[in-house]
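For the sequence shown, my numbering assigns the number 48 to the initial residue and increments by one for each residue that follows. I have placed the structure first, in the form of C-alpha cells, so that the comments after it can refer back to it.
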Amino acid sequence: VRDFAEASFAQVGLDWTKYVKQEDKYRRPTEVDALIGDPSKAKRELNWQAKTQWKELAELMVKADLDTSPGLAWFSDKRVASTMSSIKVLERRCSPSP
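Next up, the structure:
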C-alpha cells in the first residue's frame with residue numbers, strides 16, 4: 048500500500064507522507080518485509096496475463112479521478128483530494144476483515 052500511495056501522489060507531484068496518516072491498529076501482527084505475488088498460476092491455469100503493472104495502474108486511477116470527479120472542485124487543491132480518495136479506496140480493499 049505504501050508503494051501504491053507513493054506512486055499515486057508522485058503522479059501529481061506530492062509527497063504522500065505529508066497527506067497520509069498510518070495507524071498501528073491497521074498493521075498486520077506479523078508484518079513481513081516484502082509481499083511478492085506470483086501470477087504464474089493464473090497464466091498457467093487461466094491463460095491470463097496482466098496487461099497493466101501496479102505502478103501504471105496507480106497512475107491511471109489518479110488520472111481518472113482528476114478527469115471525472117466533479118465533486119472535488121470545492122477542494123482548494125483538487126489533486127490532493129483526488130489522490131487521497133484513490134488511496135482510501137485501496138486501503139479499504141486491502142484492510143484485513145474484522
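Don't be surprised by glycine CBs; every beta carbon is placed ideally from N, CA and C. Please read these numbers as outputs of a predicted model, since none were measured by experiment.
Secondary structure at R49: helix, using DSSP grouped into helix, strand and coil. Minimum Cα-Cα distance from W63 among the listed residues N94, R49, Q100, L104 corresponds to R49. Within the model, the alpha-carbon separation for T115 versus E70 is close to 30 angstroms. Across the structure, V59 and L107 are spaced so that their CA atoms are roughly 12 angstroms apart.
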